[in-house]
Amino acid sequence: RRHPHASRRQQIRRHALGGIGLVVARWLIDNGAARIVLNSRSQPSEEQRAVLAELEERAQIAVVSGDLATDGVAESLVAAAEQTGLTLRGVIHGAAVIDDQIVVGIDKDTLGRVWAPKAAAALRLHVATVGKELDWWVGFSSTSSLLGAPGQASYAAASAWLDGLVAWRRAAGLPAITINWGQWSGVGVAQDLKFSALDPIDPVEGMEALEAILGGDLSRIGVARLRLDRVAAAFPELQQLGYFATLAEELDLDSEDDDWPGPEGLRTLDAAEAAKVVTARLGGRIMAIMGYPKDSAIDPARPLTELGMDSLMAVRIRNTVRGDFGVEPPVALLLQGASLTDLAADLTRQLGLAAPEAADGANDVGGVRSRAQQRAAARQRAASRRKVGDRT
């Protein structure tokens, strides 16, 4: 079935030579678009040229290269769309650059790399098309501005600004919608990212969603395959929010916590049982955050950094532990080589649950930190020996 908003009209597709861009271009042509103007900051690759050649057999394709965040490129796109006499009717802005950093690692250059293609380019495209009678003006935003995403402050800010621009256009009586996409499978800048709370969107599903959205009258919508069970494990505090609380109740997620006594309940257990429950709870949370299957078995004495934990995961682990236990491990401790056993010992100490003989000395935070640092130093020495061996 041909989509009424795609047929026999000019369409501008920004950042269109990426995976999602070509998927959308193909969908537009399948639905009868007569001419599509595509934009990319670089020249098409050989693989992209082959796809474009196939698309050109069914529609007029124009490619305008250039950085949309700079002067004149948006106007060139509009001119290319209108030069054949067809009327420009639709715009899709899907540019994105992801540069994950914890907040203290973000500087002007880091923010600028992410901000320019998503936010600044959107403004340029808005200004260039504001006088056109469009059927739709679509901004491809992200779930990072809808749900938040650790390490993606820059991307969330740029996506939120795009959401705001769309809201402004709607308030001004202009057509606009923003779609907060989750990660896609096989295409797009986020295809290789691993979000334990989201399953990837198949391109076919994505196009079905886009068709339904363009046929409605929404200003903003999130499209993602949300795994609420994983969300609840990684971000337990979200279950206190109205929308997620309703979903959690419908999915009966609370039943998964039937055996969790909470911090106060732990104090009714003897030291050995409390340590066992703390370790199990902590291990489940860490596995969820790191993207491991629910029933994964890991070596509790192995440093989490060796299991793939990075600084962003460490922040999430700290926040999740705080939500569960009311106390938290220092992020620095996590990154210095702490294991699940180390963290469980530190938590039981902070909660006052450790056995008397372990309450001080080996299991205080200094002892945990010392062992973690010793392991980190040992790994560095081993790496140095390997390098020396390689040179000789």
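What the sequence shown shows, in the UniProt record's numbering, is residues 1 to 392, in sequence order.
Beta carbons: idealized from backbone N, C-alpha and C, even for Gly.
>> On a Cα-Cα basis, can you pick out the residue from ASN39, ILE102, GLY19 that is closest to ALA156?
In response: Here residue 156 corresponds to residue number 156 of the sequence shown, with the count starting at 1. Between ALA156 and the set ASN39, ILE102, GLY19, the nearest pair of CA atoms involves ILE102.
> According to DSSP, what are the bridge partners of GLY139?
Replying inline: Sequence index remark: in the sequence shown, residue 139 carries index 139 (1-based). Answer is HIS93, THR178.
>> So if DSSP puts GLN101 in a beta bridge, which residue, or which two residues, is it bridged to?
In response: The residue given as residue 101 occupies position 101 in the sequence shown. Partner(s): GLN152.
> Since SER65 and SER42 are thought to touch, with beta carbons under 8 Å apart, how far apart are those beta carbons, to the nearest angstrom?
Replying inline: Residue 65 sits at position 65 when you count from the first residue of the sequence shown. Residue 42 sits at position 42 when you count from the first residue of the sequence shown. Taking the Cβ atoms as the reference, SER65 lies roughly 7 Å from SER42, within the contact range of under 8 Å.
>> Does LEU241 pass the burial test, meaning 16 or more other C-beta atoms within 10 Å, or should it be called exposed?
In response: Taking the first residue of the sequence shown as 1, we reach residue 241 at position 241. LEU241 should be labelled exposed.
> Taking the C-alpha atoms as reference points, what is the distance between GLU306 and ASP71?
Replying inline: In the sequence shown, counting from the first residue as 1, residue 306 sits at position 306. In the sequence shown, counting from the first residue as 1, residue 71 sits at position 71. Distance between the alpha carbons of GLU306 and ASP71: 47 Å.
> DSSP state of ASP199, grouped into three classes?
Replying inline: Within the sequence shown, residue 199 is the residue found at index 199, counting from 1. ASP199 falls in the strand class under three-state DSSP.
> Do you know offhand how far ALA158's Cα is from VAL331's?
Replying inline: Taking the sequence shown and counting its residues from 1, one reaches residue 158 at position 158. Taking the sequence shown and counting its residues from 1, one reaches residue 331 at position 331. Between ALA158 and VAL331, the alpha-carbon positions lie close to 27 Å from each other.
>> One question on the structure: do LYS132 and LEU88 come within less than 8 Å of each other, judged by their Cβ atoms?
In response: Your numbering for residue 132 matches position 132 in the sequence shown. Your numbering for residue 88 matches position 88 in the sequence shown. The answer is yes: Cβ separation under 8 Å.
>> Could you give the first and the last residue of the continuous beta strand (DSSP E) run that contains ALA122?
In response: Here residue 122 refers to the residue found at position 122 when the sequence shown is read from its first residue. Not the beta strand (DSSP E): ALA122 falls in the alpha helix (DSSP H), residues 121-129.
>> Within a Cβ cutoff of 6 Å, which residues of the same chain sit near ARG170, ignoring the five residues on either side of it in sequence?
In response: Indexing the sequence shown from 1 puts residue 170 at position 170. Contacts found: ALA176, SER219.
>> With three or more C-beta pairs closer than 8 Å as the rule, is the segment 118-130 touching the segment 274-284?
In response: Contact between the segment 274-284 and the segment 118-130 is absent, because fewer than three Cβ pairs lie under 8 Å.
> By how many angstroms is the C-alpha of GLY85 removed from the C-alpha of ASP100?
Replying inline: Position 100 of the sequence shown holds residue 100. Position 85 of the sequence shown holds residue 85. In this model, ASP100 and GLY85 are separated by some 43 Å (Cα to Cα).
>> Strictly by DSSP, which residues pair up with ASN39?
In response: Here residue 39 is taken as the residue at index 39 of the sequence shown, counted from 1. Answer is VAL64, bridged to ASN39.
> Comparing alpha-carbon positions, which option in TRP137, ALA62, GLN48, TRP181 lies nearest LEU165?
Replying inline: Counting from one through the sequence shown, the residue named residue 165 turns up at place 165. Ranking TRP137, ALA62, GLN48, TRP181 by Cα distance to LEU165 puts TRP137 first.
> Considering only the beta carbon of each residue, do LEU340 and LEU304 sit closer than 8 Å?
Replying inline: As a first step, residue 340 must be located in the sequence shown, where it is residue number 340. As a first step, residue 304 must be located in the sequence shown, where it is residue number 304. With respect to the 8 Å criterion, LEU340 and LEU304 are classified as neighbours on the basis of their beta carbons.
> In chain order, what residues of the same chain lie with their CB nearer than 7 Å to the CB of ASP163, ignoring the 5 residues before and after it?
Replying inline: Here the question's residue 163 lines up with position 163 in the sequence shown. Closer than 7 Å at the Cβ level, and outside the excluded window around ASP163, lie SER141, SER145, THR178, ARG220.
> Which of helix, strand or coil does DSSP assign to residue 404?
Replying inline: Since the displayed the chain opens at 1 and closes at 392, residue 404 lies outside it and no answer follows.
> Can you tell which of VAL114, ASP202, GLY215, THR110 has its C-alpha closest to the C-alpha of ALA95?
Replying inline: Translated into the one-based positions of the sequence shown, residue 95 becomes position 95. In this structure, VAL114 is the residue among VAL114, ASP202, GLY215, THR110 with its C-alpha nearest to the C-alpha of ALA95.
> Hey, would you say THR348 sits closer than 8 Å to ALA275, going by beta carbons?
Replying inline: Position 348 of the sequence shown, counted from the start, is the residue given in the question as residue 348. Position 275 of the sequence shown, counted from the start, is the residue given in the question as residue 275. Remark: C-beta atoms of THR348 and ALA275 approach each other more closely than 8 Å.
>> Residues in the same chain with beta-carbon distance under 7 Å from GLN350, minus the five sequence neighbours each way, listed in chain order, please.
In response: By one-based count along the sequence shown, residue 350 stands at place 350. Listed in chain order, the non-local C-beta contacts of GLN350 below 7 Å within the same chain comprise VAL327, local neighbours out to five positions each way being set aside.
>> From the DSSP secondary-structure annotation, give me the bridge partner or partners of TRP184.
In response: On the sequence shown, position 184 is the one that residue 184 refers to. According to DSSP, TRP184 bridges with ILE201.
>> Spatial neighbours of ARG322 within its chain, please: C-beta separation below 6 Å, excluding the five flanking residues on both sides.
In response: On the sequence shown, position 322 is the one that residue 322 refers to. GLU328, listed in sequence order.
> Helix, strand or coil: which one does DSSP assign to GLY361?
Replying inline: Your numbering for residue 361 matches position 361 in the sequence shown. Bear in mind that the predicted position of GLY361 carries a pLDDT of just 47, short of 50, making it unreliable; the figure below should be weighed with that in mind. Of the three classes helix, strand and coil, the one that applies to GLY361 here is helix, per DSSP.
> Using the rule of at least 16 other Cβ atoms within 10 Å of the residue's Cβ for burial, across every protein chain shown, is ILE20 buried or exposed?
Replying inline: For the purposes of this step, residue 20 is identified with residue 20 of the sequence shown, where counting begins at 1. ILE20 counts as buried, since no fewer than 16 other beta carbons sit within 10 angstroms of its beta carbon.
> For VAL24, does the count of other Cβ atoms within 10 angstroms reach 16, so buried, or fall short, so exposed?
Replying inline: As a first step, residue 24 must be located in the sequence shown, where it is residue number 24. Around the beta carbon of VAL24, 16 or more other beta carbons sit within 10 angstroms, so the residue counts as buried.
> Under the three-state reduction of DSSP, which class applies to LEU226: helix, strand or coil?
Replying inline: Working through the sequence shown from its first residue, we reach residue 226 at position 226. Look at LEU226 here: in three-state DSSP terms it is strand.
> Rounded to a whole number of angstroms, what is the C-alpha to C-alpha distance between ASP109 and ILE98?
Replying inline: In the sequence shown, counting from the first residue as 1, residue 109 sits at position 109. In the sequence shown, counting from the first residue as 1, residue 98 sits at position 98. When only Cα atoms are considered, ASP109 and ILE98 end up about 13 Å apart.
> Do LEU77 and ALA128 have their C-beta atoms closer together than 8 Å?
Replying inline: For the purposes of this step, residue 77 is taken as residue 77 along the sequence shown, with counting starting at 1. For the purposes of this step, residue 128 is taken as residue 128 along the sequence shown, with counting starting at 1. Against a cut-off of 8 Å, the Cβ pair of ALA128 and LEU77 comes out as a contact.
> PRO303 bridges to which residues according to DSSP?
Replying inline: For this step, residue 303 is matched to residue 303 along the sequence shown. DSSP output for PRO303 lists SER339 as bridge partner(s).
>> Between which two residues does the alpha helix (DSSP H) holding residue 393 run?
In response: There is simply no residue 393 to check, as the chain begins at 1 and stops at 392 in what is shown.
> If you compare alpha carbons, which of LEU226, PRO300, GLU54, LEU134 is closest to GLY173?
Replying inline: Indexing the sequence shown from 1 puts residue 173 at position 173. Nearest in C-alpha terms to GLY173, of all of LEU226, PRO300, GLU54, LEU134, is LEU134.
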